[in-house]
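Let me begin by presenting the structure, written as structure tokens, before commenting on it.
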């Protein structure tokens, strides 16, 4: 949901010369800036030399339901694959890594999802990118490919929720706002590790 919107913005951006999409399937988009690398993520090493660029943006992820309630498979999609791509990109000269995590990650959390997100953030920080941008949205609003009845009901109830002060980071956010923030911060050159919560994504500096 975020990745497809992010791709559209990157292809339209004047400052972007080319976009390499690393995917297991063809997104079905034709554009003069677009380059496509179709891969088997379980055999990524065979494509390692082609995984390169100035900036790496990742909106990798799945749900525990889509993973068949298989925690090992969930971890592979949320940690294993994106970190594999990130390590090869870094080896090939990429200096900035931006990825979507979640609000409230914690290695000590009782919530498996939040523990996985915390592990991803920690491991990404060890790779050695000059700049690391971590985006921590709460509930994502937007059209999904898969049908989630319960989530649609909850979304209608909380869409206009606006929590104040320190609770603001838990406000639901449009996936399009996260995508715009990813593209915005991809232009930054200052080194360091940067966390982007609700306010930083709604109103990028």
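In the numbering used here, the protein residues as written are 455 to 659.
Here a beta-carbon is modelled for each residue, glycine too, at the ideal position from N, C-alpha and C.
Owing to the predicted nature of the structure, the values given are computational and were not obtained by experimental measurement.
Could you tell me how far apart the beta carbons of residue 456 and residue 513 are, in whole angstroms, since I believe they sit closer than 8 Å? Along the chain shown, read from residue 1 onward, the residue named residue 456 stands at position 2. Along the chain shown, read from residue 1 onward, the residue named residue 513 stands at position 59. Confirmed, Cβ separation roughly 4 Å.
Can you list, in chain order, the residues of its chain with a C-beta nearer than 6 Å to that of residue 536? Leave out the 5 residues immediately preceding and following it. Residue mapping note: residue 536 aligns to position 82 of the chain shown, counting from 1. Answer for residue 536: 512 and 514, listed in chain order.
If residue 465 and residue 488 are in contact, beta carbons under 8 Å, what's the gap, nearest whole angstrom? One-based indexing of the chain shown puts residue 465 at position 11. One-based indexing of the chain shown puts residue 488 at position 34. Rounded, the Cβ-Cβ distance is 6 Å, consistent with contact.
Leaving aside the five residues before and after residue 451 along the sequence, list all residues of the same chain whose C-beta is less than 6 Å from its C-beta, in chain order. Missing from the structure shown is residue 451; the chain here goes from 455 to 659 and no further.
Report the residue from 638, 592 and 619 whose alpha carbon sits nearest the alpha carbon of residue 651. One-based indexing of the chain shown puts residue 651 at position 197. Among 638, 592 and 619, the Cα nearest to that of residue 651 is on 592.
Secondary structure of residue 518, DSSP reduced to three states: Translated into positions along the chain shown, residue 518 becomes position 64. Coil.
Within its chain, find whatever has a CB closer than 8 Å to the CB of residue 584; leave out the 5 residues flanking it on each side and keep chain order. Here residue 584 refers to the residue found at position 130 of the chain shown. Only 549, 550 and 645 meet the Cβ criterion.
Taking only the alpha-carbon atoms, compute the straight-line gap between residue 621 and residue 547 and give it to the nearest angstrom. Position 167 of the chain shown, counted from the start, is the residue given in the question as residue 621. Position 93 of the chain shown, counted from the start, is the residue given in the question as residue 547. Using only the alpha carbons, I get a separation of about 38 Å.
In this structure, does DSSP put residue 492 in helix, strand or coil? Mapped onto the chain shown, residue 492 falls at position 38. Secondary structure at residue 492: strand, using DSSP grouped into helix, strand and coil.
Buried or exposed: residue 479, going by 16 or more other Cβ atoms within 10 Å of its Cβ? As a first step, residue 479 is located in the chain shown; it is residue number 25 there, counting from the start. Exposed: under 16 other Cβ atoms inside 10 Å.
Whole-Å CB distance - residue 540 paired with residue 564, under 8 Å assumed: Indexing the chain shown from 1 puts residue 540 at position 86. Indexing the chain shown from 1 puts residue 564 at position 110. At roughly 28 Å, the Cβ-Cβ gap does not stay under 8 Å, so residue 540 and residue 564 are not in contact.
Measure the CB-CB distance between residue 640 and residue 552 and report whether it falls below 8 Å. As a working note, residue 640 is residue 186 in the chain shown. As a working note, residue 552 is residue 98 in the chain shown. Against a cut-off of 8 Å, the Cβ pair of residue 552 and residue 640 comes out as a contact.
Just how far apart, CA to CA, sit residue 560 and residue 630? Here the question's residue 560 lines up with position 106 in the chain shown. Here the question's residue 630 lines up with position 176 in the chain shown. Using only the alpha carbons, I get a separation of about 26 Å.
Quick check on DSSP: helix, strand or coil for residue 456? Here residue 456 refers to the residue found at position 2 of the chain shown. If DSSP states are grouped into helix, strand and coil, residue 456 belongs with the helices.
When DSSP builds the beta bridges, which residues end up paired with residue 485? Numbered from 1 along the chain shown, position 31 holds the residue referred to as residue 485. For residue 485, which the question treats as bridged, DSSP gives no partner whatsoever.
Residues near residue 527 by beta carbon distance below 6 Å, same chain, minus five either side: As a position in the chain shown, residue 527 is number 73, starting the count at 1. Around residue 527, the same chain offers 521 as residues with beta carbons nearer than 6 Å, after the five sequence neighbours per side are excluded.
Going by CA-CA distance only, name the one from 497, 618 and 558 that's closest to residue 534. Counting from one through the chain shown, the residue named residue 534 turns up at place 80. Looking at the Cα atoms, 497 is the closest of the given residues.
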